[in-house]
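Written out below as structure tokens is the structure these notes cover.
This is the structure:
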């Protein structure tokens, strides 16, 4: 069974074609700047990249070009589109309704459109991606894999906010959480790596990239996560503030004579590592500046690591202990120095961190960075959201 994985943005389509017999990546690529005369497709097979530049007015035209490349005699990997069994779509929001991957139906499409107010930047693009596939690949099964679904198992006391009850009833104001596809993959992969059933483990999953979140996974179910109603809540991130006193919004509006949109834009796009350093949201740039003596960069790194450590401690308490901690995503996978600073002082949990293994880790593979004597296993687990989407899509199609 071959699954086409689609992640549609407002002007882009990321894609992968995966053969589920052996879970082999056949091709991947990116269509960008859709809607402009400078649109471009970058198609990769076996490390070889092919670029095609041409105007694309909408996602349907972008998808048509993707499919043409997949069956291209020179750069393609399949002889016919009939070889594609289904399309798995990354969808930001399932509201409070969808707690698992779901086959696309007219009712589901209606629900997706009703969730647009919960994710106004992402949901329209996700819907366009599905509609483009329905138009260009008639008769193929489309499956929604929701970024919020893995967090649907949170108990009400974890996902509810202490705000007027009517806000929840009328508008769905609550914690939803994001990065769910990644956290699910990390937790399952970690359990497999440890040779244990996930139902036996209390796992803290740290997805640490430009966007960052932590999830508490108790015996296979998410019981809490750091992102909330939007991805702005939780950890300090590349450009997002993370947790702050909400009264800051009104205070800055008054002092700077700005409206709420301006302030929220600053909290989402001008805060976090970028806001504190004034240099960059890229951890590599900030660490270099810190090494060169820039104190704001030192402060930003300390704040960043502290926020992660704080959530690890909180989620250990929530689960009554922790058996394993995993680091993933760009920074989590590639920055030994950040992992070391986060783990420093967590020996009270039973962590025996192995600095040598941490510094000698191998990129791109699951790697243990705690000592054998450690009561809490610590791993680097490279995330693979596309593979998770493909697996879930395959399961839904087989059940249908």
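Residue numbers (the numbering used here): -16 to 383. Glycine included, C-beta positions come from ideal geometry on N, C-alpha and C. All figures in this text were calculated on a predicted structure; none of them were measured in a lab.
Would you mind sorting residue i into buried or exposed? The rule is 16 or more other CB atoms within 10 Å of its CB.
| i | result |
| --- | --- |
| residue 239 | exposed |
| residue 153 | exposed |
| residue 149 | exposed |
| residue 317 | buried |
| residue 20 | exposed |
| residue 280 | buried |
| residue 282 | exposed |
| residue 248 | exposed |
| residue 195 | buried |
| residue 367 | buried |
| residue 242 | exposed |
| residue 84 | buried |
| residue 355 | exposed |
| residue 306 | buried |
| residue 227 | exposed |
| residue 6 | exposed |
| residue 427 | The question about residue 427 has no answer, for the chain in this structure spans -16 to 383. |
| residue 93 | exposed |
| residue 88 | exposed |
| residue 183 | exposed |
Kindly give me the distance between the Cβ atoms of residue i and residue j, rounded to whole angstroms, as I take these residues to be in contact under 8 angstroms.
| i | j | result |
| --- | --- | --- |
| residue 119 | residue 215 | Going by Cβ atoms, the distance from residue 119 to residue 215 rounds to 35 angstroms, so no, they are not a contact pair. |
| residue 170 | residue 200 | 4 angstroms |
| residue 259 | residue 246 | Contact doesn't hold; Cβ gap of about 17 angstroms is too wide. |
| residue 266 | residue 112 | Contact flag wrong, Cβ pair sits at about 30 angstroms. |
| residue 320 | residue 269 | Not quite, the Cβ-Cβ distance comes to about 11 angstroms (not below 8 angstroms), so this is no contact. |
| residue 315 | residue 116 | 32 angstroms between Cβ atoms; not a contact. |
| residue 357 | residue 373 | Not a contact, Cβ separation roughly 33 angstroms. |
| residue 76 | residue 101 | 5 angstroms |
| residue 364 | residue 349 | 5 angstroms |
| residue 162 | residue 220 | Not a contact, Cβ separation roughly 11 angstroms. |
| residue 208 | residue 105 | Not quite, the Cβ-Cβ distance comes to about 17 angstroms (not below 8 angstroms), so this is no contact. |
| residue 181 | residue 160 | No, residue 181 and residue 160 are not in contact; Cβ-Cβ is about 18 angstroms, not under 8 angstroms. |
| residue 384 | residue 298 | Since the displayed the chain opens at -16 and closes at 383, residue 384 lies outside it and no answer follows. |
| residue 69 | residue 124 | 4 angstroms |
| residue 156 | residue 144 | 6 angstroms |
Just curious, the beta strand (DSSP E) that residue i is in, first and last residue?
| i | result |
| --- | --- |
| residue -1 | -4 to 2 |
| residue 73 | 67 to 74 |
| residue 311 | 307 to 311 |
| residue 272 | It is not in any beta strand (DSSP E) - residue 272 instead sits in the alpha helix (DSSP H) that spans 266 to 274. |
| residue 215 | Element bounds for residue 215: n/a, residue is neither H nor E. |
| residue 24 | 23 to 28 |
| residue -10 | -15 to -9 |
| residue 332 | Taken as a continuous stretch (DSSP letters only), residue 332 belongs to no beta strand (DSSP E), as it is neither H nor E. |
| residue 18 | Taken as a continuous stretch (DSSP letters only), residue 18 belongs to no beta strand (DSSP E), as it is neither H nor E. |
| residue 33 | 31 to 36 |
| residue 363 | 360 to 363 |
Could you give the first and the last residue of the continuous alpha helix (DSSP H) run that contains residue i?
| i | result |
| --- | --- |
| residue 338 | 338 to 342 |
| residue 258 | 255 to 260 |
| residue 296 | 278 to 302 |
| residue 249 | 243 to 252 |
| residue 57 | Looking at the DSSP string, residue 57 is not in any alpha helix (DSSP H), and its letter there is neither H nor E. |
| residue 97 | 89 to 97 |
| residue 234 | 230 to 239 |
| residue 222 | Segment: none, residue 222 is in no alpha helix (DSSP H) and carries neither H nor E. |
| residue 319 | 319 to 326 |
| residue 131 | Per DSSP, residue 131 belongs to no alpha helix (DSSP H) and is neither H nor E. |
| residue 114 | 106 to 119 |
| residue 373 | 368 to 382 |
Review point. Taking the runs of the beta strand (DSSP E) that are 3 residues or longer, which of them lie wholly in the segment 135 to 210?
Key: 185 to 191, 195 to 201 and 204 to 208
Exercise for review: Please determine if the segment 298 to 316 and the segment 182 to 196 are in contact, where contact requires at least 3 C-beta pairs separated by less than 8 angstroms.
Suggested key: yes
**Study point:** Segment contact, 8 angstroms Cβ cut-off, at least three pairs: the segment 66 to 76 with the segment -11 to 5
**Key:** yes
Practice item. Could you say if the segment 286 to 294 and the segment 323 to 337 meet the contact criterion of at least three C-beta pairs nearer than 8 angstroms? Key: yes
**Study point:** At least 3 beta-carbon pairs within less than 8 angstroms: the segment 31 to 46 vs the segment 6 to 20
**Key:** yes
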